[in-house]
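Report on one structure; see the data block that follows.
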């Protein structure tokens, strides 16, 4: 008999199962994955605790990065769906319902399927303790293997090298961005963080890197990783081993994404060819452009896009004109007010949000102001987040996330805004802050709700958006 029949009961139990909420390392989850027959036999490119996913021929994409992972996953997912490929996606965290994390062809799986997965994992694990995230990762893999989903897109939860999804050997790895976040786990050295994220790559397998500020030492590290397998690759007739020969594609070196005004952008898939005829002009998505182009470049390198410029352009124009993701610069109307939801929760993500707000000013009413509804976790660099957006936001409305113990207190938020010399209104709850922003704004203004997944989820639930 399964331990529980309801997903809510399973999730409540999982939150108390493991002594640590985060416990980086692959040994425990790898053991359980093998008991469930989720992985094939290790190959020459496998790490100590990894192997290929036990599905028939297709591709596994693993997406790491500080910010923009969900947007990259959505780009790959929707582009594959549009071409009638069967695709499974695993992301985290969710906004409203747990099953948002596990999707097949863009749709969340049923509660009952996740319960079946949890029951199978619980039976197989014996006395092996697993974290909430490890249980969820195994559930996604179990579902994809049970249903033999050939194309799988996995989002790293934290870091990369020791993250639960890294038990699967990626056919192609993507690193969307590299910035400081989760310092208590990854440290504050950006290069150390980068090495952790690059741990999802596999020797001789393609890697796409969309980080704009990649240092020479990191490029050298990537080249060294690839070159280590030169002998084995040569024996298999494959000799591409470095950043310069096609295995690794780095933004602005091997492919580019260039803005054309505030409505379009141009993708050059092979910058080394320097052929404008190969460039594709596309509509500007609401999602972060670097993450979108990283997903497209990965599909291109995997030969999962039309080869001709005309066919590829036609396909992608249709996809990008509709591409969106809940909580990522998500524009809504509420009581005749313009509301933007964004889960930006660190300075680097705040910079992306700031740039988009600046870009959209050209089409805004000349008297429009920006009102920020802000709540954030206490362990974030709150002052830096505020500083990044200080030249865009005209008025801050802050309140507590009263049901979240990790959230910053009202006094912490107020003190940070005072230190940054920002005009601020404080309220007991973030919901009250939002209501006041709505009542005091005009129809031309924009209300930007941001700071965390929890902030966006709370206001969406409160407003019904």
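Residue numbers (our numbering): 1050 to 1514. Just so you know, even glycine gets a beta-carbon here, dropped at the ideal spot from N, CA and C. Since we're looking at a predicted model, the values are computed, not measured.
Helix, strand or coil for residue i per DSSP?
i: residue 1286; result: Here the model assigns residue 1286 a pLDDT of 37, short of 50, so the residue's position is not dependable, and the following value carries that caveat. Correct three-state label for residue 1286: coil.
i: residue 1302; result: coil
i: residue 1154; result: coil
i: residue 1240; result: helix
i: residue 1097; result: coil
i: residue 1479; result: helix
i: residue 1313; result: strand
i: residue 1457; result: coil
i: residue 1382; result: strand
i: residue 1372; result: coil
i: residue 1341; result: helix
i: residue 1102; result: strand
i: residue 1308; result: strand
i: residue 1350; result: helix
i: residue 1087; result: coil
i: residue 1118; result: helix
i: residue 1281; result: With a pLDDT of only 41 at residue 1281, under the threshold of 50, the placement of this residue in the model should not be trusted, and no figure is reported.
i: residue 999; result: The displayed coordinates of the chain run from 1050 to 1514. Any statement about residue 999 would go beyond what the structure contains.
i: residue 1293; result: With a pLDDT of 48 at residue 1293, under the threshold of 50, the modelled position of that residue is not reliable, and no figure is offered here.
i: residue 1404; result: helix
i: residue 1253; result: coil
i: residue 1486; result: helix
i: residue 1395; result: coil
i: residue 1320; result: helix
i: residue 1462; result: helix
i: residue 1264; result: coil
i: residue 1142; result: coil
Looking at the secondary structure, which residues open and close the alpha helix (DSSP H) in which residue i lies?
i: residue 1185; result: 1181 to 1195
i: residue 1138; result: Counting along the chain, residue 1138 falls outside any alpha helix (DSSP H), though it belongs to the beta strand (DSSP E) covering 1136 to 1139.
i: residue 1359; result: 1358 to 1369
i: residue 1084; result: 1076 to 1084
i: residue 1507; result: 1502 to 1512
i: residue 1217; result: Neither: residue 1217 is in no alpha helix (DSSP H) and is coded neither H nor E.
i: residue 1065; result: 1056 to 1066
i: residue 1148; result: From DSSP, residue 1148 is part of no alpha helix (DSSP H); its letter is neither H nor E.
i: residue 1519; result: Since the first and last residues shown for the chain are 1050 and 1514, residue 1519 lies out of range.
i: residue 1174; result: 1160 to 1174
For residue i and residue j, what's the separation of their Cα atoms in angstroms?
i: residue 1393; j: residue 1345; result: 23 Å
i: residue 1258; j: residue 1342; result: 10 Å
i: residue 1211; j: residue 1075; result: 6 Å
i: residue 1491; j: residue 1508; result: 19 Å
i: residue 1297; j: residue 1402; result: 28 Å
i: residue 1279; j: residue 1209; result: At residue 1279 the pLDDT is 44, less than 50, meaning the model places this residue with poor confidence; the figure from the coordinates comes in the next sentence. Near 24 Å, if we compare the C-alpha coordinates of residue 1209 and residue 1279.
i: residue 1377; j: residue 1335; result: 7 Å
i: residue 1534; j: residue 1448; result: Residue 1534 is absent from the structure shown; the chain starts at 1050 and stops at 1514.
i: residue 1419; j: residue 1494; result: 6 Å
i: residue 1291; j: residue 1273; result: Because the pLDDT at residue 1291 is just 47, under 50, the model does not fix this residue reliably, and the value given afterwards should be weighed accordingly. Roughly 8 Å between the two C-alpha positions.
i: residue 1457; j: residue 1497; result: 18 Å
i: residue 1063; j: residue 1184; result: 8 Å
i: residue 1435; j: residue 1091; result: 47 Å
i: residue 1500; j: residue 1226; result: 18 Å
i: residue 1375; j: residue 1317; result: 28 Å
i: residue 1193; j: residue 1104; result: 8 Å
i: residue 1107; j: residue 1271; result: 25 Å
i: residue 1503; j: residue 1512; result: 14 Å
i: residue 1410; j: residue 1333; result: 15 Å
i: residue 1319; j: residue 1327; result: 8 Å
Could you give the residue range of the beta strand (DSSP E) that holds residue i?
i: residue 1422; result: 1419 to 1423
i: residue 1391; result: 1386 to 1391
i: residue 1328; result: Here residue 1328 belongs to no beta strand (DSSP E), and DSSP marks it neither H nor E.
i: residue 1495; result: 1495 to 1499
i: residue 1447; result: 1444 to 1449
Would you check if the distance between the CB atom of residue i and the CB atom of residue j is smaller than 8 Å?
i: residue 1102; j: residue 1217; result: yes
i: residue 1221; j: residue 1110; result: yes
i: residue 1206; j: residue 1182; result: yes
i: residue 1524; j: residue 1487; result: Because residue 1524 is not part of the residues shown, which for the chain are 1050 to 1514, the question remains open.
i: residue 1246; j: residue 1113; result: yes
i: residue 1152; j: residue 1141; result: no
i: residue 1067; j: residue 1186; result: no
i: residue 1399; j: residue 1115; result: no
i: residue 1352; j: residue 1331; result: no
i: residue 1119; j: residue 1240; result: no
Can you check DSSP and say which residues form a bridge with residue i?
i: residue 1204; result: 1112
i: residue 1432; result: Paired residues: none, contrary to the question.
i: residue 1258; result: 1224 and 1299
i: residue 1474; result: 1446
i: residue 1050; result: Paired residues: none, contrary to the question.
i: residue 1426; result: 1456
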